[in-house]
Amino acid sequence: MSAAFDFSHRIEFLPANADEILRNVPAAPGVFALRGEREGDEPYLTRAADLRRRLRRLLAPPEAVDEQGRPVLSKRLNLREKVRWIEWTATGSEFESALVLYCASRAVYGAEEARRRLRLHPPYFLRVTMTHEHPRVYSTNRLSKRALAETFGPFPSRAAAERYCDAVLDLFKLRRCYEDLQPYPEHPGCVYGEMKKCMEPCKLACSAEEYAAEAQRVFRFFATSGESMLAEVAALREKASAAMDFEEAAALHKQWERVKAAALLVDELVRPVAELRAVVLQEAAPRAGEKLEEAAVFLLERGRIVGPEPLSTLGVRAVREQTAVGSSLFAQPLMLAAVPLDEPASEAPAATKAATLSPEDRAREVLQRLAERADSAGEAEINERCDSLSLFRRWYYRPEKQRAGEVFLPNADGAWPIRRILNGAARIVLGPPGELQAVDREAAKNLKTKVIHPGREGVERVVPVLPKRSRSRKSVTPGDIG
1 MSAAFDFSHR IEFLPANADE ILRNVPAAPG VFALRGEREG DEPYLTRAAD LRRRLRRLLA
61 PPEAVDEQGR PVLSKRLNLR EKVRWIEWTA TGSEFESALV LYCASRAVYG AEEARRRLRL
121 HPPYFLRVTM THEHPRVYST NRLSKRALAE TFGPFPSRAA AERYCDAVLD LFKLRRCYED
181 LQPYPEHPGC VYGEMKKCME PCKLACSAEE YAAEAQRVFR FFATSGESML AEVAALREKA
241 SAAMDFEEAA ALHKQWERVK AAALLVDELV RPVAELRAVV LQEAAPRAGE KLEEAAVFLL
301 ERGRIVGPEP LSTLGVRAVR EQTAVGSSLF AQPLMLAAVP LDEPASEAPA ATKAATLSPE
361 DRAREVLQRL AERADSAGEA EINERCDSLS LFRRWYYRPE KQRAGEVFLP NADGAWPIRR
421 ILNGAARIVL GPPGELQAVD REAAKNLKTK VIHPGREGVE RVVPVLPKRS RSRKSVTPGD
481 IG
């Protein structure tokens, strides 16, 4: 998202030819700007679910006129006599519309005004001040360039960030006070020290090395979403069980459950801000006269959202996620469809090019192009990073039924889940796979059957008997037998 932005279409508007001009505008979602005679004037900039219908309301002749043919004043906004140029970009989703509107607003009004008009507020994060002499954890909505590696988020709200912070700190003895400590033995301390929930560095009750080790454990907990402590407690529990110390094992199991409960309070999106990466799949913008078999791919990387890039789903069928069909390794394959290869390249160049590459190679190529765009733009400034995360958080933390599109996070090794991305793209384009028809077991019982190869072990089978086909009637299928 750079300051430079150009709409994909620009046409001159003449009131006398309004109907003919507006027929060239697609009846599709998008972002548009209406400009006057002078290029320096601020345009009317907004987004619409139907560009043509919205422009007709703004630019159509007034419906009511007086006896002299002059328009009667109306509360409806009409810019027919003030607009000279129409600019627009068609989009395929609400996510893309919000991104395009932000880019256009930033180019026209500047970053601060665009932020105010779109009501973009920095999301909340948790920061672990590891560079401080006495580290602590606190929630904040301010990012610092030097502290990105020790800041975790984004969270849906401040309450969610503080709830997770309190649950994690209950498992450790890190300080919760916010004062700049000047430790001395007579320090009055705080209530957490009285409850033995703090190591009390203010009273010099622990060494600097001991407190730093505890802070490092807290940092690892946030960095691994609790997996570091879960593995540590599970190992101690197994050791106690092997030593026949079942009371200690039971106590450790209760501690493991407390750690698990705290870890479940955070979404999988929350991770160090410097390492935050995600792939977003949306519907592609429609093109006149073309049947799209593409999904729009966006990439959140280096603090900015880049895209869209089209990802062809040619030859890929939508399948159900593994969680919905079982735990078998064969339950979530990459479903491939037949692709005709005899079509001339001049008639379908995009399809022919897509057919020459495997679906996985196409996905890797798209992600590579997006990564190169992010790298060429460089690391985002703090304000732009906050805007990108605000747009992403606004979309991501919606209820799942209201969130159009799909999102994918990188694997533990940093690689992208290519097959899951392809299956997600197929679901975006083709829709979710349909439910299998229920089997009518009662009707199946009424079928006439016979035994073939009786008495032969492993070969004997019971099969339905179909009526003989006569010359005067059509063939009979099992569904015709009742």
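Just so it is clear: in the sequence shown, position 171 is 171 by the numbering used here, and no numbers are missing.
Every residue, glycine too, gets a C-beta built ideally from N, C-alpha and C.
| task | Round the Cβ separation of P156 and R393 to the nearest angstrom and send it over; I've been treating them as touching at under 8 Å. | result | 7 Å
| field | Close beta carbons around G30, own chain, < 6 Å, minus the five adjacent residues each side | value | L51, W88, T89, A90, T91
| Whose C-beta lies closer than 7 Å to the C-beta of A234 among residues of the same chain, with five residues either side of it excluded? | W256
| Length of the line joining the Cα atoms of E359 and R419 | Note on residue identity: the sequence assigns Pro, not Glu, to residue 359. Those two C-alpha atoms are separated by around 9 Å.
| field | Under 7 Å between C-beta atoms of A18 and L79 | value | no
| field | Inter-stretch contact (C-beta, 8 Å, three-pair minimum) for the stretch 399-409 and the stretch 159-173 | value | no
| Is Y138 helix, strand or coil when you go by DSSP? | strand
| request: Name the residue from F408, L148, N383 whose alpha carbon lies nearest to the alpha carbon of G120. | output: Reading off the sequence, residue 120 comes out as Leu, not Gly. When each option's Cα is compared against that of L120, the closest is N383.
| request: Mark F246 as exposed unless 16 or more other C-beta atoms lie within 10 angstroms of its C-beta, in which case mark it buried. | output: exposed
| Going by alpha carbons, who is nearest to E179 out of F221, H134, L14, E365? | H134
| said: Which residues does DSSP list as the beta-bridge partners of L311? | reply: A295
| said: For F152, list the residues DSSP reports as bridge partners. | reply: L126, P272
| When the Cα of F32 is compared with those of P123, L126, A48, P310, which residue comes out closest? | A48
| message | On the criterion of 16 or more Cβ atoms from any shown chain inside 10 Å, does A4 qualify as buried, or is it exposed? | response | exposed
| field | Three-way DSSP call (helix, strand, coil) for K254 in this model | value | helix
| task | For M195, count neighbouring Cβ atoms within 10 angstroms of its own Cβ and tell me buried if that reaches 16, exposed if not. | result | exposed
| For V137 and V128, the rounded distance between their alpha carbons | 5 Å
| query | Is the beta carbon of G153 less than 7 Å from the beta carbon of F125? | reply | yes
| message | Relative to the C-alpha of C177, which candidate in A160, C202, A159, R158 has its C-alpha closest? | response | C202
| task | List the endpoints of the continuous beta strand (DSSP E) containing L143. | result | Segment: none, L143 is in no beta strand (DSSP E) and carries neither H nor E.
| said: What residue range does the alpha helix (DSSP H) around R217 cover? | reply: 208-223
| Pairwise C-alpha distance: R84 and S346 | Low confidence applies here, because S346 scores a pLDDT of 44, under 50, leaving its location unreliable; read the following figure in that light. Rounded to the nearest angstrom, the two C-alpha atoms are 38 Å apart.
| field | Residue range of the unbroken alpha helix (DSSP H) whose run includes G424 | value | 418-430
| query | Ends of the alpha helix (DSSP H) at A98? | reply | 94-109
| message | Starting from K193, trace the alpha helix (DSSP H) in both directions and tell me its first and last residue. | response | Inspection of the sequence shows that residue 193 is occupied by Gly rather than by Lys. Where G193 is concerned, the enclosing alpha helix (DSSP H) stretches over 191-194.
| task | Take A377 as the anchor and find which of R302, T449, V407, L389 has the nearest alpha-carbon. | result | R302
| task | Rounded to whole angstroms, what's the CA-CA distance from V191 to M199? Just pull it up for me. | result | 12 Å
| What residues in its chain sit with their C-beta under 6 Å from that of S328, if we drop five residues either side in the sequence? | Because S328 sits at a pLDDT of 46, beneath the cut-off of 50, its placement in the model cannot be relied upon, and the following sentence gives the value as read from the coordinates. Contacts found: none.
| request: State the beta-bridge partners of E301 as determined by DSSP. | output: R304
| request: May I have the straight-line CA-CA distance separating E209 from A240, to the nearest angstrom? | output: 28 Å
| request: Determine the extent of the alpha helix (DSSP H) in which Y164 is found, giving its start and end residues. | output: 158-169
| message | Quick check on T356: does DSSP put it in helix, strand or coil? | response | helix
| message | Between the alpha carbons of M1 and H132, how many angstroms are there, rounded? | response | Low per-residue confidence applies at M1: pLDDT is 43, beneath 50, and the placement is therefore not dependable, though the value from the model is reported in the following sentence. Using only the alpha carbons, I get a separation of about 34 Å.
| Does DSSP put P547 in a helix, in a strand, or in coil? | Absent from the structure is residue 547, since the part of the chain shown begins at 1 and ends at 482.
| By DSSP, does E12 sit in helix, in strand, or in coil? | strand
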